[in-house]
(Lines of atoms letter the chains of each structure in order from A and count residues from 1; the text may use other names and numbers.)
(Lines give C-alpha, C1' and ligand atoms only; values in the text may rest on other atoms or scores of the structure.)
Protein backbone atom coordinates (compact mmCIF):
# COMPACT_ATOMS: atom_id res chain seq x y z
CA UNK A 1 0.00 0.00 0.00
CA UNK A 2 1.54 3.31 -1.10
CA UNK A 3 0.78 6.93 -0.23
CA UNK A 4 -0.71 7.34 -3.70
CA UNK A 5 -3.19 4.53 -3.00
CA UNK A 6 -4.28 6.19 0.24
CA UNK A 7 -4.88 9.52 -1.53
CA UNK A 8 -6.77 7.71 -4.29
CA UNK A 9 -9.11 6.04 -1.78
CA UNK A 10 -9.68 9.27 0.15
CA UNK A 11 -10.59 11.15 -3.03
CA UNK A 12 -13.11 8.49 -4.02
CA UNK A 13 -14.68 8.53 -0.56
CA UNK A 14 -14.88 12.34 -0.58
CA UNK A 15 -16.53 12.33 -4.02
CA UNK A 16 -19.09 9.71 -3.00
CA UNK A 17 -19.99 11.58 0.19
CA UNK A 18 -20.13 14.97 -1.53
CA UNK A 19 -22.47 13.78 -4.28
CA UNK A 20 -24.84 11.83 -2.05
CA UNK A 21 -24.96 14.39 0.78
CA UNK A 22 -26.31 17.16 -1.48
CA UNK A 23 -23.12 19.25 -1.22
CA UNK A 24 -22.43 19.06 -4.97
CA UNK A 25 -26.04 19.95 -5.87
CA UNK A 26 -25.98 22.99 -3.57
CA UNK A 27 -22.69 24.19 -5.07
CA UNK A 28 -24.00 23.77 -8.64
CA UNK A 29 -27.18 25.71 -7.82
CA UNK A 30 -25.19 28.56 -6.28
CA UNK A 31 -22.68 28.75 -9.12
CA UNK A 32 -24.88 28.12 -12.17
CA UNK A 33 -28.48 28.39 -11.02
CA UNK A 34 -29.30 26.14 -13.97
CA UNK A 35 -32.27 23.78 -14.04
CA UNK A 36 -30.13 20.96 -15.38
CA UNK A 37 -28.03 20.80 -12.19
CA UNK A 38 -30.48 18.40 -10.54
CA UNK A 39 -30.31 16.00 -13.50
CA UNK A 40 -26.53 16.10 -13.46
CA UNK A 41 -26.43 15.32 -9.75
CA UNK A 42 -28.78 12.34 -10.23
CA UNK A 43 -26.46 11.03 -12.93
CA UNK A 44 -23.47 11.43 -10.60
CA UNK A 45 -25.32 9.61 -7.83
CA UNK A 46 -25.93 6.65 -10.13
CA UNK A 47 -22.25 6.64 -11.02
CA UNK A 48 -21.22 6.56 -7.36
CA UNK A 49 -22.95 3.20 -7.01
CA UNK A 50 -20.27 1.74 -9.28
CA UNK A 51 -17.57 3.69 -7.47
CA UNK A 52 -18.64 2.16 -4.17
CA UNK A 53 -18.29 -1.32 -5.69
CA UNK A 54 -14.85 -0.48 -7.07
CA UNK A 55 -13.79 0.99 -3.74
CA UNK A 56 -14.93 -2.08 -1.82
CA UNK A 57 -13.19 -4.37 -4.32
CA UNK A 58 -9.97 -2.43 -3.93
CA UNK A 59 -10.16 -2.46 -0.13
CA UNK A 60 -10.87 -6.20 -0.17
CA UNK A 61 -7.91 -6.99 -2.40
CA UNK A 62 -5.42 -4.56 -0.82
CA UNK A 63 -6.29 -4.87 2.87
CA UNK A 64 -8.36 -7.96 3.65
CA UNK A 65 -6.68 -10.50 1.34
CA UNK A 66 -3.14 -9.47 0.43
CA UNK A 67 -1.99 -10.97 -2.87
CA UNK A 68 0.13 -14.13 -2.63
CA UNK A 69 3.78 -13.92 -3.61
CA UNK A 70 3.54 -16.91 -5.94
CA UNK A 71 0.59 -17.83 -8.14
CA UNK A 72 0.51 -20.98 -10.31
CA UNK A 73 -2.31 -22.32 -12.50
CA UNK A 74 -2.97 -25.34 -10.32
CA UNK A 75 -5.85 -26.83 -8.40
CA UNK A 76 -4.45 -25.18 -5.26
CA UNK A 77 -4.74 -21.80 -6.94
CA UNK A 78 -8.36 -22.54 -7.83
CA UNK A 79 -9.17 -23.12 -4.16
CA UNK A 80 -7.79 -19.68 -3.31
CA UNK A 81 -9.54 -18.08 -6.25
CA UNK A 82 -12.88 -19.51 -5.17
CA UNK A 83 -12.56 -17.73 -1.85
CA UNK A 84 -11.86 -14.45 -3.64
CA UNK A 85 -14.50 -14.85 -6.32
CA UNK A 86 -17.29 -15.98 -4.01
CA UNK A 87 -16.88 -12.75 -2.05
CA UNK A 88 -16.38 -10.56 -5.11
CA UNK A 89 -19.33 -12.05 -6.97
CA UNK A 90 -21.73 -11.47 -4.08
CA UNK A 91 -20.46 -7.92 -3.75
CA UNK A 92 -20.81 -7.06 -7.44
CA UNK A 93 -24.17 -8.76 -8.00
CA UNK A 94 -25.79 -7.20 -4.94
CA UNK A 95 -24.30 -3.74 -5.26
CA UNK A 96 -24.27 -3.00 -8.97
CA UNK A 97 -25.57 -3.86 -12.42
CA UNK A 98 -22.04 -4.11 -13.76
CA UNK A 99 -21.00 -7.24 -15.68
CA UNK A 100 -20.00 -9.71 -12.95
CA UNK A 101 -17.44 -11.62 -14.98
CA UNK A 102 -15.74 -8.47 -16.27
CA UNK A 103 -15.52 -6.93 -12.80
CA UNK A 104 -14.13 -10.09 -11.22
CA UNK A 105 -11.67 -10.58 -14.07
CA UNK A 106 -10.31 -7.05 -13.73
CA UNK A 107 -10.14 -7.28 -9.94
CA UNK A 108 -8.20 -10.54 -10.05
CA UNK A 109 -5.94 -9.26 -12.83
CA UNK A 110 -5.04 -6.41 -10.47
CA UNK A 111 -4.49 -8.93 -7.69
CA UNK A 112 -2.48 -11.60 -9.49
CA UNK A 113 -0.90 -9.74 -12.40
CA UNK A 114 -1.52 -9.51 -16.13
CA UNK A 115 0.69 -12.50 -16.94
CA UNK A 116 -1.63 -14.92 -15.19
CA UNK A 117 -4.03 -17.04 -17.26
CA UNK A 118 -6.97 -15.14 -15.74
CA UNK A 119 -9.60 -15.97 -18.40
CA UNK A 120 -9.31 -19.74 -17.95
CA UNK A 121 -9.18 -19.46 -14.19
CA UNK A 122 -12.23 -17.20 -13.99
CA UNK A 123 -14.19 -19.56 -16.24
CA UNK A 124 -13.16 -22.38 -13.91
CA UNK A 125 -14.41 -20.62 -10.81
CA UNK A 126 -17.65 -19.34 -12.34
CA UNK A 127 -18.52 -22.63 -14.09
CA UNK A 128 -21.73 -24.30 -12.83
CA UNK A 129 -20.00 -27.68 -13.31
CA UNK A 130 -17.25 -28.89 -10.97
CA UNK A 131 -13.85 -28.74 -12.63
CA UNK A 132 -11.69 -31.80 -13.35
CA UNK A 133 -7.97 -31.93 -12.57
CA UNK A 134 -5.34 -34.45 -13.63
CA UNK A 135 -7.54 -35.32 -16.60
CA UNK A 136 -6.48 -38.10 -19.00
CA UNK A 137 -8.52 -39.35 -21.93
CA UNK A 138 -7.82 -42.12 -24.43
CA UNK A 139 -9.76 -43.46 -27.41
CA UNK A 140 -9.08 -46.81 -29.11
CA UNK A 141 -10.69 -47.60 -32.48
CA UNK A 142 -10.83 -51.28 -33.53
CA UNK A 143 -12.43 -53.06 -36.45
CA UNK A 144 -15.41 -55.40 -35.86
CA UNK A 145 -15.09 -58.15 -38.53
CA UNK A 146 -18.54 -59.58 -37.77
CA UNK A 147 -20.31 -56.24 -38.33
CA UNK A 148 -19.29 -54.62 -41.64
CA UNK A 149 -19.22 -50.85 -41.60
CA UNK A 150 -18.87 -50.60 -37.84
CA UNK A 151 -16.02 -50.33 -35.34
CA UNK A 152 -15.46 -50.79 -31.63
CA UNK A 153 -14.75 -47.57 -29.75
CA UNK A 154 -13.17 -47.85 -26.31
CA UNK A 155 -13.03 -44.58 -24.39
CA UNK A 156 -11.35 -44.33 -21.03
CA UNK A 157 -11.17 -41.13 -19.02
CA UNK A 158 -9.80 -40.51 -15.54
CA UNK A 159 -9.65 -37.41 -13.39
CA UNK A 160 -9.90 -35.99 -9.88
CA UNK A 161 -12.98 -33.99 -8.88
CA UNK A 162 -15.00 -33.60 -5.67
CA UNK A 163 -18.25 -35.01 -7.09
CA UNK A 164 -20.64 -37.14 -5.05
CA UNK A 165 -22.48 -38.69 -8.00
CA UNK A 166 -21.56 -39.56 -11.58
CA UNK A 167 -24.40 -39.03 -14.06
CA UNK A 168 -24.56 -40.34 -17.63
CA UNK A 169 -27.27 -39.35 -20.13
CA UNK A 170 -28.16 -41.43 -23.20
CA UNK A 171 -30.06 -39.56 -25.94
CA UNK A 172 -31.22 -40.32 -29.47
CA UNK A 173 -30.26 -37.09 -31.25
CA UNK A 174 -27.27 -34.78 -31.31
CA UNK A 175 -29.31 -31.64 -30.58
CA UNK A 176 -30.27 -33.03 -27.17
CA UNK A 177 -26.62 -33.71 -26.42
CA UNK A 178 -25.85 -30.01 -26.76
CA UNK A 179 -28.92 -28.99 -24.75
CA UNK A 180 -28.09 -31.29 -21.83
CA UNK A 181 -24.42 -30.30 -21.79
CA UNK A 182 -25.44 -26.64 -21.49
CA UNK A 183 -28.50 -26.88 -19.22
CA UNK A 184 -27.79 -29.80 -16.87
CA UNK A 185 -24.73 -29.17 -14.64
CA UNK A 186 -25.03 -32.49 -12.71
CA UNK A 187 -24.59 -34.57 -15.90
CA UNK A 188 -21.02 -35.74 -16.51
CA UNK A 189 -21.27 -37.50 -19.88
CA UNK A 190 -23.84 -37.42 -22.70
CA UNK A 191 -23.92 -40.03 -25.48
CA UNK A 192 -25.96 -40.07 -28.67
CA UNK A 193 -27.25 -43.50 -29.75
CA UNK A 194 -29.35 -43.02 -32.88
CA UNK A 195 -28.26 -46.01 -35.01
CA UNK A 196 -30.95 -48.72 -34.83
CA UNK A 197 -28.38 -51.52 -35.09
CA UNK A 198 -25.91 -50.45 -32.41
CA UNK A 199 -28.06 -48.37 -30.03
CA UNK A 200 -29.61 -51.40 -28.23
CA UNK A 201 -26.15 -52.97 -27.81
CA UNK A 202 -24.64 -49.80 -26.39
CA UNK A 203 -27.53 -49.10 -24.04
CA UNK A 204 -27.50 -52.71 -22.83
CA UNK A 205 -24.07 -52.14 -21.28
CA UNK A 206 -25.67 -49.94 -18.66
CA UNK A 207 -28.66 -52.24 -18.17
CA UNK A 208 -26.46 -55.31 -17.60
CA UNK A 209 -23.92 -53.52 -15.41
CA UNK A 210 -21.20 -53.58 -18.05
CA UNK A 211 -20.14 -49.99 -17.35
CA UNK A 212 -18.32 -49.53 -14.05
CA UNK A 213 -16.83 -46.58 -12.23
CA UNK A 214 -13.46 -47.18 -10.58
CA UNK A 215 -11.92 -45.10 -7.83
CA UNK A 216 -8.22 -45.30 -6.97
CA UNK A 217 -7.19 -44.12 -3.52
CA UNK A 218 -3.82 -44.38 -1.74
CA UNK A 219 -3.47 -46.83 1.16
CA UNK A 220 -1.07 -47.18 4.10
CA UNK A 221 1.19 -49.54 2.12
CA UNK A 222 2.10 -46.88 -0.42
CA UNK A 223 0.04 -48.48 -3.20
CA UNK A 224 -3.43 -47.75 -4.58
CA UNK A 225 -6.71 -49.37 -3.63
CA UNK A 226 -9.31 -49.79 -6.39
CA UNK A 227 -13.01 -49.57 -5.58
CA UNK A 228 -15.49 -50.58 -8.29
CA UNK A 229 -18.91 -48.90 -8.35
CA UNK A 230 -22.02 -49.71 -10.40
CA UNK A 231 -24.53 -47.51 -12.22
CA UNK A 232 -28.27 -47.54 -11.57
CA UNK A 233 -31.14 -46.26 -13.68
CA UNK A 234 -32.65 -42.96 -12.53
CA UNK A 235 -36.44 -42.93 -12.33
CA UNK A 236 -38.20 -40.48 -14.60
CA UNK A 237 -39.74 -38.75 -11.56
CA UNK A 238 -36.22 -37.63 -10.59
CA UNK A 239 -35.25 -36.27 -14.02
CA UNK A 240 -35.97 -32.61 -13.10
CA UNK A 241 -33.33 -32.84 -10.36
CA UNK A 242 -30.62 -33.69 -12.88
CA UNK A 243 -31.78 -32.10 -16.14
CA UNK A 244 -32.24 -28.53 -14.97
CA UNK A 245 -33.96 -26.43 -17.65
CA UNK A 246 -34.25 -29.24 -20.22
CA UNK A 247 -37.85 -29.30 -21.52
CA UNK A 248 -40.03 -32.00 -19.95
CA UNK A 249 -41.33 -33.08 -23.35
CA UNK A 250 -37.81 -34.29 -24.16
CA UNK A 251 -37.72 -36.78 -21.29
CA UNK A 252 -38.96 -39.61 -23.54
CA UNK A 253 -35.75 -39.22 -25.57
CA UNK A 254 -33.43 -39.38 -22.55
CA UNK A 255 -32.22 -42.16 -20.26
CA UNK A 256 -30.28 -41.27 -17.15
CA UNK A 257 -27.87 -43.46 -15.20
CA UNK A 258 -26.21 -42.61 -11.89
CA UNK A 259 -23.37 -43.91 -9.79
CA UNK A 260 -23.22 -42.78 -6.16
CA UNK A 261 -19.72 -42.01 -4.88
CA UNK A 262 -19.02 -42.55 -1.15
CA UNK A 263 -17.51 -39.55 0.62
CA UNK A 264 -14.43 -41.62 1.49
CA UNK A 265 -13.55 -41.84 -2.22
CA UNK A 266 -14.23 -38.25 -3.34
CA UNK A 267 -10.56 -37.22 -3.20
CA UNK A 268 -9.43 -40.25 -5.20
CA UNK A 269 -8.89 -40.67 -8.95
CA UNK A 270 -12.06 -41.53 -10.84
CA UNK A 271 -11.82 -43.74 -13.93
CA UNK A 272 -14.58 -44.86 -16.28
CA UNK A 273 -14.35 -46.93 -19.48
CA UNK A 274 -16.98 -47.20 -22.20
CA UNK A 275 -17.08 -49.72 -25.06
CA UNK A 276 -19.42 -48.74 -27.88
CA UNK A 277 -20.19 -50.00 -31.37
CA UNK A 278 -20.03 -47.10 -33.82
CA UNK A 279 -20.63 -46.51 -37.53
CA UNK A 280 -17.59 -45.99 -39.73
CA UNK A 281 -19.51 -43.83 -42.18
CA UNK A 282 -19.83 -41.15 -39.51
CA UNK A 283 -16.20 -40.44 -40.49
CA UNK A 284 -15.30 -38.67 -37.26
CA UNK A 285 -15.31 -38.64 -33.48
CA UNK A 286 -14.70 -35.71 -31.19
CA UNK A 287 -14.05 -34.77 -27.59
CA UNK A 288 -15.14 -31.37 -26.26
CA UNK A 289 -14.73 -30.04 -22.74
CA UNK A 290 -18.07 -29.32 -21.08
CA UNK A 291 -16.42 -27.66 -18.09
CA UNK A 292 -13.04 -26.21 -17.05
CA UNK A 293 -10.49 -29.05 -17.04
CA UNK A 294 -6.82 -29.32 -16.18
CA UNK A 295 -5.78 -31.75 -18.91
CA UNK A 296 -2.66 -33.87 -18.85
CA UNK A 297 -3.05 -35.85 -22.09
CA UNK A 298 -5.54 -36.80 -24.79
CA UNK A 299 -4.79 -39.80 -27.03
CA UNK A 300 -6.45 -41.49 -30.00
CA UNK A 301 -5.23 -44.96 -31.05
CA UNK A 302 -6.25 -45.87 -34.62
CA UNK A 303 -3.55 -48.54 -35.05
CA UNK A 304 -6.17 -51.31 -35.06
CA UNK A 305 -8.65 -49.48 -37.27
CA UNK A 306 -9.30 -51.59 -40.38
CA UNK A 307 -7.73 -50.43 -43.63
CA UNK A 308 -5.61 -47.87 -41.81
CA UNK A 309 -2.92 -47.94 -44.50
CA UNK A 310 -5.47 -46.77 -47.08
CA UNK A 311 -7.27 -44.43 -44.68
CA UNK A 312 -6.47 -40.75 -44.39
CA UNK A 313 -6.63 -39.64 -40.75
CA UNK A 314 -6.83 -36.04 -39.55
CA UNK A 315 -6.39 -35.17 -35.88
CA UNK A 316 -7.18 -31.52 -35.21
CA UNK A 317 -6.95 -30.13 -31.67
CA UNK A 318 -8.73 -26.87 -30.93
CA UNK A 319 -7.12 -26.17 -27.60
CA UNK A 320 -5.75 -22.85 -26.41
CA UNK A 321 -3.30 -23.39 -23.56
CA UNK A 322 0.15 -22.10 -22.77
CA UNK A 323 2.56 -25.02 -23.10
CA UNK A 324 6.17 -25.58 -24.04
CA UNK A 325 5.38 -29.10 -25.25
CA UNK A 326 4.69 -30.20 -28.81
CA UNK A 327 0.87 -30.12 -28.82
CA UNK A 328 0.35 -33.11 -31.14
CA UNK A 329 2.52 -36.14 -31.95
CA UNK A 330 1.79 -39.26 -34.01
CA UNK A 331 3.49 -42.65 -33.93
CA UNK A 332 2.11 -45.64 -35.85
CA UNK A 333 -1.40 -44.15 -36.01
CA UNK A 334 -1.42 -43.31 -32.32
CA UNK A 335 -2.06 -39.59 -31.79
CA UNK A 336 -1.11 -37.94 -28.51
CA UNK A 337 -1.95 -34.41 -27.42
CA UNK A 338 0.07 -33.08 -24.48
CA UNK A 339 -1.61 -30.16 -22.74
CA UNK A 340 -0.75 -30.05 -19.02
CA UNK A 341 -2.78 -26.91 -18.51
CA UNK A 342 -6.26 -25.57 -17.93
CA UNK A 343 -8.74 -25.45 -20.79
CA UNK A 344 -12.28 -24.11 -20.72
CA UNK A 345 -15.62 -25.29 -22.04
CA UNK A 346 -15.77 -25.65 -25.82
CA UNK A 347 -12.13 -26.63 -26.39
CA UNK A 348 -11.23 -30.12 -27.51
CA UNK A 349 -10.18 -32.25 -30.48
CA UNK A 350 -11.79 -33.75 -33.58
CA UNK A 351 -10.52 -36.93 -35.26
CA UNK A 352 -11.72 -37.75 -38.77
CA UNK A 353 -11.02 -40.26 -41.51
CA UNK A 354 -11.82 -40.87 -45.16
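Residue numbers (my numbering): 133 to 486. Ideal Cβ positions, reconstructed from N, Cα and C, are used throughout, including at glycine.
Counting only the same chain and skipping the five closest in sequence on each side, list residues whose C-beta sits under 7 Å from that of residue i.
i           : result
residue 275 : 283, 436, 437, 438
residue 334 : 325, 408, 409
residue 313 : 322, 422
Would you kindly work out how many angstroms separate the C-alpha atoms of residue i and residue j, rounded to a whole number?
i           : j           : result
residue 407 : residue 354 : 31 Å
residue 404 : residue 345 : 5 Å
residue 85  : residue 398 : Because the chain is modelled from 133 through 486, residue 85 falls outside the range shown and cannot be assessed.
residue 391 : residue 422 : 19 Å
residue 322 : residue 146 : 55 Å
residue 463 : residue 373 : 45 Å
residue 369 : residue 446 : 43 Å
residue 261 : residue 317 : 5 Å
residue 426 : residue 174 : 47 Å
residue 288 : residue 278 : 24 Å
residue 296 : residue 356 : 20 Å
residue 340 : residue 366 : 15 Å
Given that a residue counts as buried once 16 or more other Cβ atoms are within 10 Å of its Cβ, and exposed if not, what is residue i?
i           : result
residue 416 : exposed
residue 265 : buried
residue 481 : buried
residue 329 : exposed
residue 281 : exposed
residue 467 : buried
residue 478 : exposed
residue 364 : exposed
residue 400 : buried
residue 378 : buried
residue 434 : buried
residue 338 : buried
residue 153 : exposed
residue 360 : exposed
residue 202 : Confidence at residue 202 is low in this model, with a pLDDT of 40, below 50, so the placement of that residue is unreliable and no value is reported for it.
residue 273 : buried
State the beta-bridge partners of residue i as determined by DSSP.
i           : result
residue 407 : 286
residue 433 : 272, 466
residue 420 : 480
Tell me, to the nearest whole angstrom, how far the beta carbon of residue i is from that of residue j; I am working on the premise that it is less than 8 Å.
i           : j           : result
residue 429 : residue 476 : With 8 Å as the limit, residue 429 and residue 476 do not qualify as a contact, their Cβ atoms being about 18 Å apart.
residue 431 : residue 270 : 4 Å
residue 307 : residue 386 : About 12 Å; that fails the 8 Å criterion.
residue 320 : residue 298 : 5 Å
residue 376 : residue 315 : 5 Å
Using a Cβ-Cβ cut-off of 6 Å (strictly less than) and excluding sequence neighbours within five positions of residue i, which residues of its own chain qualify?
i           : result
residue 444 : 486
residue 420 : 480
residue 395 : none
residue 448 : 482
residue 358 : 346, 348
residue 259 : 423, 424
residue 418 : 482
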